[in-house]
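For reference, the structure is listed below as structure tokens.
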Amino acid sequence: MATGEEALTDRLGRPLRDLRVSLTDRCNFRCPYCMPSDVFGPNYPFLRPDALMSPDEIAKLVRALMPLGLEKVRLTGGEPLLRREIIEIVERIAEVPGLHEIAMTTNGSLLTRDKALALKRAGLTRVTVSLDALRPDIAAKMNGVRFPVERVLSAIEAASEAGLAPVKVNVVVRRGWNEDEVVAIAERFRGTGVIVRFIEYMDVGTTNGWRMEDVVTADEILAWIGARHPLEPLPPRREGEVATRYRYQDGQGEIGVIHSVSRPFCRFCTRLRVTAAGELFTCLFGARGVSLRPLFDAGASEEEIRAFVSGVWRKRQDRYSELRSEATARKPKVEMSRIGG
1 MATGEEALTD
11 RLGRPLRDLR
21 VSLTDRCNFR
31 CPYCMPSDVF
41 GPNYPFLRPD
51 ALMSPDEIAK
61 LVRALMPLGL
71 EKVRLTGGEP
81 LLRREIIEIV
91 ERIAEVPGLH
101 EIAMTTNGSL
111 LTRDKALALK
121 RAGLTRVTVS
131 LDALRPDIAA
141 KMNGVRFPVE
151 RVLSAIEAAS
161 EAGLAPVKVN
171 VVVRRGWNED
181 EVVAIAERFR
191 GTGVIVRFIE
201 YMDVGTTNGW
211 RMEDVVTADE
221 ILAWIGARHP
231 LEPLPPRREG
241 EVATRYRYQD
251 GQGEIGVIHS
261 VSRPFCRFCT
271 RLRVTAAGEL
281 FTCLFGARGV
291 SLRPLFDAGA
301 SEEEIRAFVS
311 GVWRKRQDRY
321 SELRSEATAR
331 KPKVEMSRIG
341 G
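Just so we're aligned, residue 1 is where the sequence shown starts under UniProt numbering, counting upward by one.
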């Protein structure tokens with residue numbers, strides 16, 4: 001961790017601890033809160049393969065950020081397992097000394113037992129799998145391609161068996177769509193060691209038709225689950241953790257809620273995001289990024305990349321969720337499929 005003169009903070013005093021790297025803007029799902037099919041259709045202009053950051057460039061960026069205090073890398077998408085070099089990318093990042101964690105968020109569609117084991121051998125620490133419903137009809141509506149729930153559940157099991165634990169399950173809750181699934185999902189994973197995290201529906205991007213009235217708040221979610229299985233709060237594992245943790249009083253595990261809308265946590269955000277094309281974003285709800293491509297193309301050193309990123313981070317003053325309203329929701333923002341959530 002960076003100390004003394006090397007310590008890096010933004011204008012609000014927030015350190016850089018987490019890097020979220022999108023590996024591709026493509027996905028084989030069409031979840032309506034992320035990639036609605038009427039927008040991301042067959043003719044959508046996705047990035048060309050030669051526009052993506054290479055495994056070498058990703059590893060170079062991670063190495064460059066380590067002296068600034070970087071502790072954790074999360075691989076995202078789109079769907080990161082669509083990236084053919086996924087194993088090589090994990091291997092290259094795992095070679096960087098000092099990282100506490102290399103995690104990945106996936107929809108689970110391509111996470112077989114063999115793939116989970118290969119990822120673990122390559123150096124991946126942990127996996128988070130998205131699953132918004134258990135009922136097949138609701139799941140089909142939520143993933144947009146009628147992908148079978150049982151195959152996602154098999155992916156979660158495969159990740160657990162491979163030691164990519166604790167496996168976490170992300171559930172985006174949207175009123176009128178899947179709020180009736182909240183308790184069922186919580187109960188499905190109680191006592192299994194899998195940690196479910198319920199996420200308030202957010203206005204990421206501009207294509208998902210977000211409205212404030214569609215948000216199911218964390219308090220509602222906790223009340224529904226707590227009425228069946230009493231809960232008590234847990235302290236965060238680390239500073240800047242996005243999920244507020246709760247344990248079942250009977251000892252059958254824990255859940256988390258991510259309340260970006262009802263109780264924003266901007267003041268604790270330590271995340272830097274980079275798109276698959278190498279654009280830096282200092283906020284999930286940012287409108288414009290800053291490209292690393294000129295540095296990569298010029299063969300910039302790690303020191304030069306570090307200085308560039310430091311300059312971007314020191315100017316950072318984002319706190320979108322604290323300012324959110326129906327009006328801000330209509331402002332231009334990067335799409336989730338591009339920035340990686």
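The C-beta atom is built at its ideal place from N, Cα and C for all residues, glycine as well.
Count the other CB atoms within 10 Å of the CB of residue i; is the residue buried (16 or more) or exposed (fewer)?
i: F268; result: exposed
i: L70; result: buried
i: S301; result: exposed
i: N43; result: exposed
i: I18; result: A small fix is needed here, since residue 18 is Asp in this sequence, not Ile. The residue is buried, with at least 16 neighbouring Cβ atoms inside 10 Å.
i: R293; result: exposed
i: residue 343; result: Outside the displayed range of the chain (1 to 341) lies residue 343, so it cannot be described from this structure.
i: V145; result: exposed
i: A186; result: buried
i: E79; result: buried
i: M53; result: buried
i: G286; result: buried
i: G299; result: exposed
i: A223; result: exposed
i: G13; result: exposed
i: A59; result: buried
i: P148; result: exposed
Excluding five sequence neighbours on each side, which residues of the same chain lie with their C-beta closer than 7 Å to the C-beta of residue i?
i: G98; result: M66
i: A51; result: A277
i: residue 358; result: Residue coverage of the chain in this structure runs from 1 to 341, which leaves residue 358 outside it and unanswerable.
i: R271; result: D18, R20
i: A158; result: L111, T112, R113, A116
i: V73; result: L19, V21, V62, I93, L99, I102
i: F296; result: E57, G278
i: S260; result: E200, M202, S321
i: E88; result: P55
i: R188; result: L134
i: P236; result: R245
Among the residues of its own chain, which have a CB less than 6 Å from the CB of residue i, if the five just before and after it don't count?
i: D10; result: W313, R316
i: H229; result: Y248
i: R63; result: V96, E302
i: A243; result: R197, G256, I258
i: R338; result: D25, T275
i: P15; result: T9, G69, T270
i: E85; result: P55
Do residue j and residue i come within 8 Å of each other at the CB atom, strictly closer than that value?
i: A276; j: D25; result: yes
i: I221; j: V182; result: yes
i: A227; j: S262; result: no
i: G193; j: A165; result: yes
i: V172; j: I255; result: no
i: N170; j: I199; result: yes
i: V290; j: V21; result: no
i: residue 342; j: G77; result: Residue 342 is absent from the model: the chain starts at 1 and stops at 341.
i: R175; j: D214; result: yes
i: N208; j: P45; result: no
i: G41; j: V90; result: no
i: S109; j: R151; result: yes
i: R83; j: L131; result: no
Which same chain residues end up closer than 8 Å to residue i when comparing Cβ atoms and leaving out the 5 residues on each side of it in sequence?
i: S310; result: L8, L68
i: E232; result: Y246, R247, Q249
i: I225; result: V182, V183, A186, L231, I255
i: R190; result: H229, Y248, Q252, G253
i: V167; result: R126, V127, T128, V129, I156, A159, S160, G193, V194, I195
i: L280; result: L272, R273, V274, G289, V290, S291, L292, V309, V312
i: V39; result: T207
Can residue i be considered in contact with the ligand MN, in the sense that its beta carbon sits closer than 7 Å to one or more heavy atoms?
i: G176; result: The model on display carries no ligand, and the ligand MN is accordingly not part of it.
Fill in: Inter-stretch contact at 8 Å, needing at least 3 Cβ pairs: the segment 126-134 / the segment 92-111
yes
Practice prompt. Tell me, please, whether the segment 296-311 touches the segment 248-258 by the rule of three or more beta-carbon pairs shorter than 8 Å.
Written response: no
Item to complete: Please determine if the segment 131-144 and the segment 112-122 are in contact, where contact requires at least 3 C-beta pairs separated by less than 8 Å.
Response: no
Worksheet item: What runs of the alpha helix (DSSP H), each 4 residues or longer, lie entirely inside the segment 170-247?
Response: 182-189, 218-228
Discussion item. Please give me, in chain order, every unbroken run of the beta strand (DSSP E) with length at least 3 that falls completely inside the segment 99-181.
Written reply: 101-106, 126-130, 168-173
Worksheet item: What are the start and end residues of each continuous beta strand (DSSP E) run of 3 or more residues lying completely inside the segment 48-108, in chain order?
Response: 72-76, 101-106
Item to complete: For the segment 240-301, list the beta strand (DSSP E) runs that are entirely contained and at least 3 residues long, ordered along the chain.
Response: 244-248, 254-258, 271-274, 279-281
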